[in-house]
């Protein structure tokens, strides 16, 4: 899996069209999420596109998220968000400043507000999940 740092290095040298392509490719690389998990309970509220996030717990207690979206760019955005937290312990996820980790990608200026309006909700759902499992 690509690291956030590697991706950031590549992203900064791309023009707008190539940044879109990179996000789309990132979304395509997500682990497939079974349709049975795409329910109202896993739906992220407040996104212009449908986004589903489903947590699983590994044997070591780390959280592994499955995610999908019906929009290619949005799927790439959730994939980018997951790069900051995937397969980490709940306490580590809670301590991670996901907004700060994503700041170098300047998504709010690179993409339309419709595409980015759900990012805080994606982050909130991931943090709430980590909170539930941190006990």
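Numbering (this note's numbering), first residue to last: 672 to 806.
Every residue, glycine too, gets a C-beta built ideally from N, C-alpha and C.
Any idea which residues DSSP pairs residue 800 with across the strands?
-> Here residue 800 refers to the residue found at position 129 of the chain shown. Partner(s): none; residue 800 has no beta bridge.
In chain order, what residues of the same chain lie with their CB nearer than 7 Å to the CB of residue 716, ignoring the 5 residues before and after it?
-> The residue labelled residue 716 in the question sits at position 45 within the chain shown. Within the same chain, residue 716 has close Cβ partners 792.
In angstroms with no decimal places, state the Cα-to-Cα distance between residue 679 and residue 776.
-> Reading the chain shown from its first residue, position 8 is the one you call residue 679. Reading the chain shown from its first residue, position 105 is the one you call residue 776. Their backbone Cα atoms lie some 7 Å apart in a straight line.
Taking one C-beta from the segment 765–781 and one from the segment 703–713 each time, how about it: are there three or more such pairs within less than 8 Å?
-> Short answer: they don't touch.
Reduced DSSP category for residue 648 - H, G, I as helix; E, B as strand; rest coil = No answer is possible for residue 648: it lies beyond the span of the chain, which begins at 672 and ends at 806.
Look at the alpha carbon of residue 761 and the alpha carbon of residue 778, and state the distance between them as a whole number of angstroms.
-> Position 90 of the chain shown, counting from 1, holds the residue named residue 761. Position 107 of the chain shown, counting from 1, holds the residue named residue 778. Cα to Cα, the separation comes out at about 25 Å.
Does the distance from the CB of residue 797 to the CB of residue 756 come in under 8 Å?
-> Within the chain shown, residue 797 is the residue found at index 126, counting from 1. Within the chain shown, residue 756 is the residue found at index 85, counting from 1. Here residue 797 is near residue 756, since their CB atoms are less than 8 Å apart.
Pair every Cβ in the segment 695–705 with every Cβ in the segment 735–745, then say whether three or more of these pairs are closer than 8 Å.
-> Short answer: they touch.
For residue 759: DSSP bridge partner residues = Working through the chain shown from its first residue, we reach residue 759 at position 88. The beta-bridge partner set that DSSP reports for residue 759 consists of 734.
C-alpha distance - residue 744 paired with residue 683, whole-angstrom precision | In the chain shown, counting from the first residue as 1, residue 744 sits at position 73. In the chain shown, counting from the first residue as 1, residue 683 sits at position 12. Spanning the two alpha carbons is a distance of roughly 17 Å.
Can you round the beta-carbon distance between residue 687 and residue 788 to whole angstroms, since I take them to be within the 8 Å contact cut?
-> For the purposes of this step, residue 687 is taken as residue 16 along the chain shown, with counting starting at 1. For the purposes of this step, residue 788 is taken as residue 117 along the chain shown, with counting starting at 1. No, residue 687 and residue 788 are not in contact; Cβ-Cβ is about 19 Å, not under 8 Å.
Residue range of the alpha helix (DSSP H) that includes residue 728 = Here residue 728 corresponds to residue number 57 of the chain shown, with the count starting at 1. From DSSP, residue 728 is part of no alpha helix (DSSP H) but of the beta strand (DSSP E) over 722–728.
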